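Q: Protein sequence lines, in the order shown, are assigned to chains E and U. Residue 207 in UniProt numbering sits at position 207 of the first sequence, with consecutive numbering throughout. Residue 115 in UniProt numbering sits at position 115 of the second sequence, with consecutive numbering throughout.
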Amino acid sequence: MKDLLQVKDLNVGFLVGKREVQVLRNVSFSIGEGEILGVIGETGCGKSVTGSAVLRLLPENALVKGEILYKGKEILYMEEENYRELRGKEISAIPQSPGTSLNPMMKVGNQVAECITGKEIRKRESVRTAVNDIFRRLQLPGKDRCYGNYPWELSGGMCQRVLIGMGMITHARLLIVDEPTKAIDWALRKEVADILLRLKQEMGCAMMMITHDIGVASYVADRVAVMYCGEIVEVGKTEDILHHPIHPYTRGLIRAMPANGFEVMEGFMPSFSDLPEGCNFCTRCRYRDTVCSRPQEMEEADAGHWVRCRRWGEIIKSREEQLCS
Amino acid sequence: MLLEVNHISKEYRSGVIRTRTVHAVQDVCFKMNEGEIFGLIGGSGCGKTTITKMILGLLKPSEGSILFEGRDLTKLRKKEWKEVRRDIQVVFQHPQMTFNPRGTIRFACTEPASNYGLVKTREERNRLAEELMEQVGLTGDQLKKYPHEISGGQAQRLSIIRALSLNPKLLICDEPTSMLDVSVQAQILSLLKSKHREQGLAMLFISHDLEVVQSFCSRVAVMNEGRIVESGTVKDVFSNPQHAYTKKLLRSYMHY
Chain E
1 MKDLLQVKDL NVGFLVGKRE VQVLRNVSFS IGEGEILGVI GETGCGKSVT GSAVLRLLPE
61 NALVKGEILY KGKEILYMEE ENYRELRGKE ISAIPQSPGT SLNPMMKVGN QVAECITGKE
121 IRKRESVRTA VNDIFRRLQL PGKDRCYGNY PWELSGGMCQ RVLIGMGMIT HARLLIVDEP
181 TKAIDWALRK EVADILLRLK QEMGCAMMMI THDIGVASYV ADRVAVMYCG EIVEVGKTED
241 ILHHPIHPYT RGLIRAMPAN GFEVMEGFMP SFSDLPEGCN FCTRCRYRDT VCSRPQEMEE
301 ADAGHWVRCR RWGEIIKSRE EQLCS
Chain U
1 MLLEVNHISK EYRSGVIRTR TVHAVQDVCF KMNEGEIFGL IGGSGCGKTT ITKMILGLLK
61 PSEGSILFEG RDLTKLRKKE WKEVRRDIQV VFQHPQMTFN PRGTIRFACT EPASNYGLVK
121 TREERNRLAE ELMEQVGLTG DQLKKYPHEI SGGQAQRLSI IRALSLNPKL LICDEPTSML
181 DVSVQAQILS LLKSKHREQG LAMLFISHDL EVVQSFCSRV AVMNEGRIVE SGTVKDVFSN
241 PQHAYTKKLL RSYMHY
């Protein structure tokens, strides 16, 4: 599969006063054409910052280092004017929290139309049909009547679909989807997941799906990256990561799922200004050893299954022993 | 029988000339035993929260009665409510919004106990605050903080332990984990479970998360559009759903 997006050694820090707080550390991943990469992790682990970095929407006090390639072309240091050509048309975003991401004073149809009127000057009528077309594709109830609704007249799930419409109306090749299922109820969650899957199948759209919902990630994503404290700790095929996790953090996360008996992980995620030396997870890890106080590198444990833990070999062995006994 | 909800309904009327009536809750009945965890599931807007508000006496039902230990809650006077509220406590979905933003954590977590005169002097209050913090794995220096300075998971654990400081018989949990991460959710659920085991606490657990309900509750009722469409033990409802809505809900279960 050809890589659509490549992120290499991305480092992001924020200037707080005169001090730099480093948030992302050597984040590297790639997304192939038409592939969905799920990024999972706890609140505040840097998932959304990664998404914003790709979109170049970080605030001004951010210090960014590294490389981001889109279709082989460097986009991180590109002129803002050139990047604007890409953003929206090629790389598009679906923001989180539909309740607050829409303009309450503006009809939802016009908000979606805004995305194309600036870019390609078209007749008002054809813009309107394009928007209605998207709404119909997303199966928004009420058909064309939805165009004239205000966000507060629609339910949470409908607002979420309007946001998805905004992201896809330009037929972008890459979508950054931030927490699509946060705070919506169970039946809608499946619906949104199905819409994302359909988008991928019908339009061949690649996605970076940021979520903390493991159920959705396993349903939608082709590959999954697990983030902890601003680092990717494990990345690989969805099946491998969720059913045969190696990194102790991923294993803890899976065991904390209610269906698995909500086992509690020891300790809490440390703050970014107060990280332990070496492996970020070492203070909470039950496999802790002396090698853990040294910096950890990504190592390939299995074909396409990378993990940032030096003790992966021993962990796999102990897992097999557990299975045997 | 700890709680008996008998045929309660709630309707909202709006408008003067052309009145519109919305039936938020219609003819809901269920019973809870002592020390039982009862789940109530349903989509957003199906009337789950309206029911909790009626049990708490924050809303008056249009029809029906709610019996708590044999007393009809719909006929209680304000003074009597004060006694009953000690036995019925609640945990809401947005923990940070239930704390007074201008009071410290110390104030927030000792407020129920001092309202009921369980702690009188400042020393007693401080001791209680530290005890409570210890129970949920927080350190004493958090006590000086304000609600916006702590994380959602910490706030939720505090609001649980604060509700439990009165030793209630019934704890109503209104979507206690829907805003939280999986790992934090596990902390909250195991805290609730351990209190359930230790104190025989009964819980009305309201959620739309089937996975949580399945692993946490013993009996469950499914709500849709203001009515209970199906109820039974978790095992029966989840393995052999009868009503179309329950089947639809279960189809949206995303196994991983």
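Just so it is clear, CB atoms sit at the ideal spot from N, CA and C, and this is done for glycine as well. Given the structure is predicted, the values throughout are model-derived calculations rather than measurements.
Assign residue 2(E) to one of two classes, buried (16 or more other C-beta atoms within 10 Å of its C-beta) or exposed (fewer than that).
A: The residue is exposed, with fewer than 16 neighbouring Cβ atoms inside 10 Å.
Q: How about the segment 161–181 of chain U and the segment 108–128 of chain U: do they share at least three Cβ pairs that are nearer than 8 Å?
A: Touching, yes.
Q: Under 8 Å, CB to CB, which of the residues in the segment 205–236 of chain U have a partner in chain E?
A: Listed in sequence order: 208, 209, 210, 211, 212, 214, 215 and 216.
Q: Taking just the CA atoms, how far does residue 132(U) sit from residue 52(E)?
A: Each residue's alpha carbon lies about 40 Å from the other.
Q: Less than 8 Å between the C-beta atoms of residue 48(U) and residue 40(U), yes or no?
A: Yes, these two residues count as a Cβ contact at 8 Å.
Q: Tell me which same chain residues have a C-beta within less than 6 Å of the C-beta of residue 70(E), skipping the five on either side of it?
A: Correct list, in chain order: 5.
Q: By the 10 Å Cβ neighbour count, where 16 or more other Cβ atoms means buried, how is residue 174(U) classified, buried or exposed?
A: With 16 or more Cβ atoms within 10 Å of its Cβ, residue 174(U) is classed as buried.
Q: Let me know if residue 159(U) comes out buried or exposed under the rule of 16 or more other beta-carbons within 10 Å of its beta-carbon.
A: Per the 10 Å Cβ criterion, buried.
Q: For residue 125(U), is the classification buried or exposed, using 16 other Cβ atoms within 10 angstroms of its Cβ as the cut-off for buried?
A: Classification for residue 125(U): buried.
Q: Using a Cβ-Cβ cut-off of less than 7 Å, list which residues of the segment 186–207 of chain U approach chain E; keep chain order.
A: Answer set for the segment 186–207 of chain U: 186, 187, 189 and 190.
Q: According to DSSP, is residue 272(E) part of a helix, a strand, or is it coil?
A: Note: residue 272(E) maps to helix in three-state DSSP.
Q: Looking at residue 303(E) and residue 246(E), is the spacing between their C-beta atoms short of 8 Å?
A: Against a cut-off of 8 Å, the Cβ pair of residue 303(E) and residue 246(E) comes out as no contact.
Q: Three or more beta-carbon pairs under 8 Å between the segment 93–100 of chain E and the segment 149–164 of chain E, yes or no?
A: With the cut-off at 8 Å, the segment 93–100 of chain E and the segment 149–164 of chain E touch.
Q: Classify residue 284(E) as buried or exposed, calling it buried when 16 or more other Cβ atoms lie within 10 Å of its own Cβ.
A: When all chains shown are included, residue 284(E) counts as buried.
Q: What are the residues of the segment 242–254 of chain U that lie near chain E, defined by any Cβ-Cβ distance shorter than 7 Å?
A: Against chain E - using a Cβ distance shorter than 7 Å - the residues of the segment 242–254 of chain U are 248, 249, 252 and 254.
Q: Let's see if you can read the secondary structure: which residues bound the beta strand (DSSP E) around residue 5(E)?
A: Where residue 5(E) is concerned, the enclosing beta strand (DSSP E) stretches over 3–16.
Q: Nearest CA to the CA of residue 83(U): which residue from 112(U), 95(U), 50(U) and 107(U)?
A: Among 112(U), 95(U), 50(U) and 107(U), the Cα nearest to that of residue 83(U) belongs to 112(U).
Q: Taking a contact to mean a Cβ-Cβ separation below 8 Å, would you say residue 95(U) touches residue 155(U) in this structure?
A: Yes; because the gap between Cβ atoms is below 8 Å, this pair is in contact.
Q: Within 7 Å: the Cβ of residue 92(E) and any heavy atom of the ligand NAD?
A: The ligand NAD is not part of the structure shown, which contains no ligands of any sort.
Q: Using a Cβ-Cβ cutoff of 8 Å, what residues of the segment 42–59 of chain U are near chain E? List them in chain order.
A: If the cut-off is 8 Å between Cβ atoms, the segment 42–59 of chain U has 43, 44 and 45 near chain E.
Q: If you measure from the beta carbon of residue 261(E) to each beta carbon in chain U, is any gap under 8 Å?
A: So yes, residue 261(E) belongs to the interface.
Q: Could you tell me which of 36(U), 31(U), 140(U) and 45(U) sits nearest to residue 70(U), measuring between CA atoms?
A: It is 31(U) whose Cα lies nearest to the Cα of residue 70(U).
Q: Report buried or exposed for residue 324(E), applying the criterion of at least 16 other Cβ atoms within 10 angstroms of its Cβ.
A: It is exposed - the Cβ of residue 324(E) has fewer than 16 other Cβ atoms within 10 Å.
Q: Near residue 72(U), what residues of its chain come up, given a Cβ to Cβ distance below 8 Å and the 5 sequence neighbours on each side ignored?
A: Same-chain partners within the cutoff: 65 and 66.
Q: So within the segment 182–234 of chain U, which uninterrupted alpha helix (DSSP H) runs reach at least 4 residues, ignoring any that extend past its ends?
A: Here the runs fully enclosed are 182–199 and 210–216.
Q: First and last residue of the alpha helix (DSSP H) that includes residue 157(E)?
A: 156–168 is the span of the alpha helix (DSSP H), which, as asked, contains residue 157(E).
Q: Find out if the Cβ-Cβ distance for the pair residue 55(E), residue 94(E) is shorter than 8 Å.
A: No; because the gap between Cβ atoms is not below 8 Å, this pair is not in contact.
Q: By DSSP's criteria, residue 65(E) is part of a beta bridge. Which residues make up the other side?
A: Partner(s): 11(E).
Q: Distance, Cα to Cα, residue 209(E) vs residue 288(E)?
A: So the two alpha carbons sit approximately 31 Å from each other.
Q: With 8 Å as the limit, tell me which residues of the segment 109–135 of chain E have their beta carbon closer than that to any beta carbon of chain U; keep them in chain order.
A: Within the segment 109–135 of chain E, no residue qualifies.
Q: With a CB to CB cut of under 7 Å and the five nearest residues on each side skipped, what residues in its chain are close to residue 251(E)?
A: 245, listed in sequence order.
Q: Leaving out five residues on either side along the sequence, give the residues of the same chain with a beta carbon under 6 Å from the beta carbon of residue 238(U).
A: Excluding positions up to five away in sequence, the list reads 214.
Q: Note down, in chain order, every chain U residue with its Cβ under 9 Å from the Cβ of residue 221(E).
A: Correct list: empty, because the minimum Cβ distance to chain U is about 10 Å.
Q: Should residue 88(E) and residue 148(E) be called a contact, given that it needs their Cβ atoms to be closer than 8 Å?
A: Going by C-beta atoms, residue 88(E) is not nearer than 8 Å to residue 148(E).
Q: Counting contacts by CB-CB distance shorter than 8 Å, is residue 401(E) in contact with chain U?
A: Since the displayed chain E opens at 1 and closes at 325, residue 401(E) lies outside it and no answer follows.
Q: Count Cβ pairs between the segment 256–263 of chain E and the segment 62–80 of chain E that sit closer than 8 Å; are there 3 or more?
A: Too few Cβ pairs lie closer than 8 Å, so no.
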